[in-house]
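Working notes, structure below.
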Amino acid sequence: MAYLDEYQKSITDPATFWKEKAEALEWFKFPQQILSKDENGIDRWFADGEMNTCHMALDYHIAAGRGDQVAIYYDSPVTDTKKAYTYTELRDQVALFAGVLKAQGVSKGDRVVVYMPMVPEAAIAMLACSRLGAIHSVVFGGFAPNELAVRIDDAEPKVIVSSSCGIEIQKVIPYKPLLDEAINLSAHKPEKCIVFQRPQAEASMVEGRDLDWNEAMASATPADCVPVNGTDPLYVLYTSGTTGKPKGVVRDNGGHATALKYSMKAIYDMDPGDVFWAASDVGWVVGHSYIVYGPLLAGLSSVFYEGKPVRTPDAGAFWRVAEEYGVKGLFSAPTAFRAIKKEDPNSEQLKPYDLSKLKYIFMAGERLDPPTYHWVKDLLGLPVVDHWWQTETGWAICANLMGIEPREAKPGSATLPVPGFNVQILDNEGNEVGPNEQGNVAIKLPLPPSCLPTVWGDFERFRTGYLNEYAGYYVSGDGGYKDDDGFVFIMGRTDDVINVAGHRLSTGEMEEIVASHPAVAECAVIGVNDPLKGQMPLGMVLLKDGAEVDEAELESELVGMVRKEIGAVACFKKAIVVQRLPKTRSGKILRKLLRQIADGQEYTIPSTIDDPASLPEISDIMDSHGLVSR
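Per this note's numbering, residue 53 is the first one in the sequence shown, and the count goes up by one each step.
What follows is the structure, given as structure tokens:
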């Protein structure tokens, strides 16, 4: 009953519930307006509270006696570098860099773009901005110049913080030329660029504009924390928009700190001093929430990893890091574990490592298919927690709450709504549907703390994109259902539901079945246009390393499996073997792009793609099978 009691309190009396959670943080002035409306009529949290997120994340813990505890473990297999920062050491570096920014005229409300690889200096820059009350906007390191330019023009930063290069597997990517080109392309010009030089590639500097990080730090004066209001923005993070122009998701200070501090115990069961590792990047929301802010707000030690799950140097990388730092909770995308499974199908590279301190595996970022869930659970014998959230919310909407009342997991389900999120399944007219009936996943207002209150500089885009479809609801854009126990199953974006001869079918459900084949490492199912039935499903599969199969025979087996599990109504008749699937850098398969290729439509290669060369390769394979519409 612990979960039900907690959840009901959050829904029936949200102001009292979140006031209690906010009391776990050290405010300069505790808010009296817990829940109020802003000038746009949007619910806002802790509007009159005064605080500083950096103070809550660093200075508070030092005063509480945690100054000598490790705050960040930096582990970089791509550069063979390891380093640890205590809370005191990290605070001192952050205060110094805040002084660097302050000397360049950065103050409360100014924007700073951070364009960096996974180095501790990225976290230092983020926290330094929050220390000054400035608004950071992290752009994934290595983004193409035109995409970076779009974000520069939207955020209008006073300063850009960058690095000379990023490092991928056996490849150095110079960032500074990309940054210089982006500034040339953008209408808005930053006053200064601060560049962290790495030994792998030294960047040329623009005189009068560019400052060297180390030189600036050497002469800096530490800056103190600047008080901000609870509703003042902490950061802007851009996410893909349906119009092509990225949306700047705004995160406020008070709600963000309150929700993340609560989540570290409620969802992840982490206590002060525990080691948490989110194997992501600070360019994504997971990196903001659970590499930098969440763990530090909760007094944890966070692992900052510059590497991959495989080939840095091998498929034992995750297990090595987990053992070395005594990781209690590991959070990554399912695609990372599928990559490990593909490279090391017999898990030989797990054997040397002692994972006795590892208690939980958390997955998000894409749907956790049951075959991957079972593989990880059987391999490690640990709880595998699928949880569903979005850049827009900043933390989980649905999860198995390991710190409140763990439930028996149901493969394919993100378990139950997290306290604060009133999750409903609606039909196209906005009516709530019954158990086991698929519909549109929506959240009844008010949204809990940390969720976006607007899109940067464009409130109407926020209103029309999220609030207009069903009155009184935030629309997630995902489809799914609740079962008889209230467990939520997210079946993918609503445009991943295909219509075959009038039947609405989930490609996610078909992917579950295809992925369960013993020869299949990973798969995607999309709907392609069909003159007779409207759409027909097409399966694309990656084989496990060493799998030797006849492709025609494999296709026949997969068709039979889908027919057996879903029925002939699925019309699943085609499955092709591919060498790779186009994905974002965060591991999401670009299904819309695959549909556009199959349907013979023009498409734009998104800035978030990890491997652009996969597109012509897939197109050629589809073409050779006669699958591209003309």
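For every residue, glycine included, the Cβ atom is placed at its ideal position computed from N, Cα and C.
Query raised in the report: Identify the residues that DSSP records as bridge partners of residue 250: which are they?
Result: 253
Requested in this report: Classify residue 241 as helix, strand or coil using the three-state DSSP reduction.
Outcome: coil
Query raised in the report: In chain order, what residues of the same chain have a beta carbon less than 6 Å from the beta carbon of residue 262, not counting five sequence neighbours either side?
Result: 245 and 247
**Report entry** Element boundaries [alpha helix (DSSP H), containing residue 427]
**Finding:** 422-432
Requested in this report: Specify the secondary structure class of residue 557 as computed by DSSP and reduced to three states.
Outcome: strand
Query raised in the report: Taking the alpha carbon of residue 588 as the point to measure from, which residue in 679, 223 and 318 has its own alpha carbon closest?
Result: 679
**Report entry** Residue range of the beta strand (DSSP E) that includes residue 534
**Finding:** 525-534
Query - Close Cβ partners of residue 484 (< 7 Å) along its chain, the five nearest in sequence each way excluded - result: 476, 477 and 478
Report task. Taking all protein chains shown into account, decide if residue 68 is buried (16 or more other Cβ within 10 angstroms of its Cβ) or exposed. Result -> exposed
**Report entry** When 331, 610 and 208 are compared against residue 509, the one with the closest alpha-carbon
**Finding:** 208
Query raised in the report: Shortest alpha-carbon distance to residue 223 belongs to which of 130, 418, 417 and 398?
Result: 130
**Report entry** Nearest residue (CA-CA) to residue 175, options 412, 109 and 397
**Finding:** 109
Requested in this report: Enumerate in chain order the residues of its own chain whose CB-to-CB distance from residue 507 is below 8 Å, with the five nearest sequence positions on each side excluded.
Outcome: 299, 300, 301, 302, 513, 514 and 517
Query raised in the report: In three-state terms, what does DSSP make of residue 677?
Result: coil
Requested in this report: For residue 663, name the three-state secondary structure that DSSP assigns.
Outcome: coil
Query - Contact set for residue 205: own chain, Cβ-Cβ below 8 Å, skip 5 residues either direction - result: 238, 239 and 240
Query raised in the report: Mind checking whether residue 320 and residue 377 have CB atoms under 8 Å apart?
Result: no
Query raised in the report: Expressed to the nearest angstrom, what Euclidean distance is found between the alpha-carbon atoms of residue 335 and residue 341?
Result: 11 Å
Query - Straight-line gap, residue 194 to residue 344 (C-alpha atoms, nearest Å) - result: 20 Å
Query raised in the report: According to DSSP, which residues form a beta bridge with residue 220?
Result: 223
Report task. Entirely within the stretch 296-338 and at least 3 residues each: give me those beta strand (DSSP E) ranges in chain order. Result -> 299-304 and 327-330
Query raised in the report: How would you label residue 294, buried or exposed, when you count the other beta carbons within 10 angstroms and need 16 or more for buried?
Result: At residue 294 the pLDDT is 49, less than 50, meaning the model places this residue with poor confidence; the figure from the coordinates comes in the next sentence. Residue 294 should be labelled exposed.
Query raised in the report: What's the C-alpha gap between residue 428 and residue 649?
Result: 33 Å
Report task. Return the chain-ordered list of same chain residues with a C-beta closer than 6 Å to the C-beta of residue 228, the five sequence neighbours on each side being excluded. Result -> 216 and 255
Report task. With distances taken Cα to Cα, identify the nearest neighbour of residue 269 among 231, 151, 356 and 166. Result -> 151
Query raised in the report: At which residue ranges does the stretch 100-143 contain complete beta strand (DSSP E) runs of 3 or more residues, listed in the order of the chain?
Result: 122-128 and 133-138
Requested in this report: On a CA-only basis, which of 543, 541 and 214 is nearest residue 170? Give me that one, please.
Outcome: 214
Query raised in the report: Helix, strand or coil: which one does DSSP assign to residue 637?
Result: coil
Query raised in the report: Along the chain, where does the alpha helix (DSSP H) that runs through residue 518 open and close?
Result: Counting along the chain, residue 518 falls outside any alpha helix (DSSP H), and DSSP gives it neither H nor E.
Requested in this report: Sort out for me which residues DSSP pairs residue 285 with in a bridge.
Outcome: 304
Requested in this report: Please determine, among 288, 352, 285 and 289, the residue with the shortest C-alpha to C-alpha distance to residue 316.
Outcome: 352
Query raised in the report: To which residues does DSSP link residue 576 through a beta bridge?
Result: 592
Query - Minimum C-alpha distance to residue 530 - residue among 491, 551, 524 and 567 - result: 491
**Report entry** Environment of residue 393 [buried if 16+ CB atoms lie within 10 Å]
**Finding:** buried
Requested in this report: Grab me the residues of residue 535's own chain with a C-beta within less than 8 Å of its C-beta, minus the 5 sequence neighbours each way, in chain order.
Outcome: 462, 465, 487, 488 and 541
Requested in this report: Could you spell out the range, first to last residue, of the beta strand (DSSP E) harbouring residue 492?
Outcome: 491-496
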